[in-house]
Amino acid sequence: MTDKQEPIIQDENTIIAERRAKLKELRDLGDAFPNQFTPTDFAKNLQANFAEFDKATMEEKSISVIVAGRMMLKRVMGKASFATIQDTTGRIQLYVTRDLINSEKNPELYSQFKKWDLGDILGATGKLFKTNTGELTIEVSEIILLTKSLRPLPEKFHGLSDQEIKYRQRYVDLIVNEETRDTFMKRSKIISGIRDFMISHNFLEVETPMLHPIPGGASAKPFMTHHNALDMDMYLRIAPELYLKRLVVGGFDRVFEINRNFRNEGLSVRHNPEFTMMEFYAAYTDYEWLMDFTEDCIQKVAEDITGSNLVTYQGKQIDFSKSFDRLTLVQAILKYSDKYKETELVDISFLKQTIKKLGGEARENVGLGALQLTLFELVAEEHLWQPTFIVDYPVEVSPLARASSKNPDITERFELFIAGREIANGFSELNDAEDQAKRFKMQAAAKEAGDEEAMYYDADFIRALEYGMPPTGGCGIGIDRLVMLVTNSASIRDVIFFPHMRPE
RNA sequence: GGGGUGUUAGCUCAGCUGGUAGAGCACCGGACUUUUAAUCCGUUGGUCGCGCGUUCGAUCCGCGCACACCCUACCA
C-alpha cells in the first residue's frame, strides 16, 4: 500500500467516503477533534429569554453568546449562510457570513464552513439578533468544527420512521426525532418523581441483589448464569420481593427499590425480557393502605408529567382525577359481561364450561378463585380502561400474600389495571413463617409436577420470617407500562432505550 | 410457538397481473449577504433483504430462509 492511496472501505457508500476525505483534510490541517470549547448558552434558555423582544430591542441589547451543537439544517446563500444547530435543550439558528468569520488567522474559514456537513458538531460565538421574520439568531463571529460526522443523518423533514432502525440505532432516533427525546425525558422525570414521592413518605431507597442463588418473589421463568469463582449457577432476579422483606425483618420499616427484573419469557408490545419495577414495602400497613398510597403516587406523577389529570392514551382518555374504582374479581366480571348470574360465578363446573367455551384453559385441579380469575381475564381485563383496583385474588395464585381473615381462600391482594393492562400488584404480606413454609412446599410440589414458573422453597427467607416480620403491605409498580401511559406510547420498546432484538 | 404484513439509493417513498429502476431530501459542482423543509441550474448514487425455482427475460410470480412490525399464546 502506498501513501497516496485513499483508504476506501468497499461496503460504505460515497457519502461516507466523501466525509472521510473531508476528515482527512481536517487532520492534515491540524487537530481534527479539538476539545477546548465550552458553551455557556443553551438554545431553550435563549429562545425563552428573548422571545418577547423585537429586532430593534435585540440590536440595542447586543448580547454575546457561546453555543455548541449538532448542525441539523444549513442554507448557504453565497457569502452568507444560515445554519440550525441542535444542543441538548433545543435548536437555535446561526447566521454565518464570510466577512465576519474570516480573519487574518484563517482567511479560508468561510469556504471551509461551506464544506461542513449536516450532523457535524460545531461551536459558535456571536451576537444575538432577530431576523426580518423574527427568528432569534446568532450572528456568528467565531465558529469551530468540533466533531466531524461521517454518517449522513436521515432526511431532515420526515426524520427517521423505520421502527427497526429507531430501536437498533437509538442514537440516530434521538438526534432526529424530538418525540423520542421527549418520551425519554418524561421517563426520567417519572422515575425521579416517584423517587421523590417515596422519599417524602419516609421510604428508604435500597438495592438488593440482581444475581440470585434461588429465583423468587414471582411466578416466572428466570435467566440462568454462572459465577466462575464460586462455581455456582445463579439466576437473574425475577423480583426483589424476598430480599426487600428480609430488610423489613431487619427493621427498615419502609423500603423501596427501582430496578430491573428479568423474565425469560416472550416479547410483545407490553413485555420486554428486562423491565423496570418499583417495589416498596411499608410495615404496619395493609393492602387497603397500599391502594390509597399507590393511587396518590400514580395520580401525582401523571399530573406532574402531563400537566393534567386527564391523559389521552391511544386515542382514549384516562381520568386520573377521580378516586380509582375498586372491584372484586366477581364484581368486575358482572360489570363487563351481562351474560352471567352471580350464583353461576361460584359454580365450579359452570365456570369450567364457560372458560372452555371462550377458548380459555381450565385445568382439572383448580379451585373456584383461580377459575374466577381466568374468566375475569377473558371477559373483563381489557375493558378496565379507567384506573381500577381489582381485589380478592385466590390464595392458590398468591403464594406470598396474606390470606383474608374473612375468607381463607382469598388473599388481601389487589392488582391495578389502567388501559386494560396490569400496572401494579400489591398485597398484605404473609408474615406467618409456618404458613409461608407450607405455601413454598406447595409451590415446590407444583414445580416437581412440571410447572416451570412455580416458586422454589427459599429456606433462608423462611428463617428470616421466623425472626418475625411486622404486618406489612408491599406493592410493585411496572414503570415501563406507566411510562407508556403517560407518554402515549403503543409499545414498551418505545419507552426502553435499547430494546432487545435479534442480531442484525 | 401459530397467523398476517413488510424489506427498493444514506433517509422518506413511488414503481402499471413480468421487458434488469424513479422522485424528494442528503451528497458533489455552479449562482445567491436575513433564509425558514431556502430557492434556481447541472451531476452522482442501487446485488430491488438473501437463496433456489418458473420464464427467452423476475423488483414484480412460486418455494425456502433472515430480520422487523402487528395479532395470538405464556407473562408484568
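The first sequence runs 95 to 598 under the numbering used here.
C-beta: ideal position from N, C-alpha, C; glycine also.
All values reported here derive from a predicted model rather than from experimental measurement.
Excluding five sequence positions before and after residue 398, the CB atoms of its chain that fall closer than 6 Å to its own CB belong to 287, given in chain order. When Cβ pairs closer than 8 Å are counted between the two stretches, the stretch 539-553 is seen not to touch the stretch 508-522, the count staying below three.
Straight-line measurement puts the Cα of residue 254 at about 7 Å from the Cα of residue 271. Distance check between residue 551 and each of 561, 536, 560 places 536 closest, using alpha-carbon atoms only. DSSP, read as helix, strand or coil, puts residue 420 in strand. Across the structure, residue 465 and residue 444 are spaced so that their CA atoms are roughly 10 Å apart. Assigned with DSSP and collapsed to three states, residue 254 falls in coil, not helix or strand.
Just so you know, the alpha carbons of residue 341 and residue 574 end up roughly 25 Å apart. Of 149, 141, 520, the smallest CA-CA separation from residue 226 is found for 149. If only uninterrupted alpha helix (DSSP H) runs of at least 4 residues are considered, those enclosed by the stretch 259-291 are 264-270. The stretch 343-354 and the stretch 574-593 do not touch, with fewer than 3 CB-CB distances between them shorter than 8 Å. Its Cα nearest to that of residue 368, the residue 352 stands out among 440, 380, 212, 352. The three-state secondary structure of residue 375, taken from DSSP, is strand. With three or more CB-CB distances shorter than 8 Å, the stretch 380-392 counts as touching the stretch 517-535. Between the C-alpha atoms of residue 436 and residue 491 there is a straight-line separation of about 22 Å. The beta carbon of residue 292 lies closer than 6 Å to those of 350 in the same chain, with the five residues before and after it left out. About 6 Å separates the CB atoms of residue 572 and residue 371; that is less than 8 Å, so the two are in contact. Between residue 110 and residue 244, the gap from beta carbon to beta carbon is short of 7 Å. Going by C-alpha positions, residue 334 is about 8 Å away from residue 304. Sixteen is the threshold: since fewer than 16 other Cβ atoms of the shown chains lie within 10 Å of the Cβ of residue 200, the residue is exposed. Secondary structure of residue 475 (DSSP, three-state): helix. Contact check for residue 311 and residue 336: beta-carbon distance about 5 Å, within the 8 Å limit, so the pair qualifies.
Look at residue 561 here: in three-state DSSP terms it is helix. Rounded to the nearest angstrom, the gap between the Cα atoms of residue 394 and residue 209 is 50 Å. With a cutoff of 7 Å on beta-carbon distance, residue 161 and residue 222 are scored as not near each other. DSSP places residue 173 outside both helix and strand once states are collapsed to three, so it counts as coil.
Here residue 265 is exposed. Its C-beta has fewer than 16 other C-beta atoms within 10 Å. A direct Cα-Cα distance of roughly 32 Å separates residue 177 from residue 583.
Counting along the chain, no alpha helix (DSSP H) covers residue 218; the unbroken beta strand (DSSP E) around it starts and ends at 215-224. Closest option to residue 338, judged by alpha-carbon separation, among 326, 356, 375: 375. With fewer than 16 other Cβ atoms from the protein chains shown falling within 10 Å of its own Cβ, residue 205 counts as exposed.
For residue 180, the beta-bridge partners assigned by DSSP are 164, 185. Its Cα nearest to that of residue 420, the residue 508 stands out among 239, 116, 187, 508. Checking the DSSP bridge columns, you'll see residue 236 partnered with 219.
Between residue 273 and residue 355, the alpha-carbon positions lie close to 27 Å from each other. Here residue 430 is near residue 474, since their CB atoms are less than 7 Å apart.
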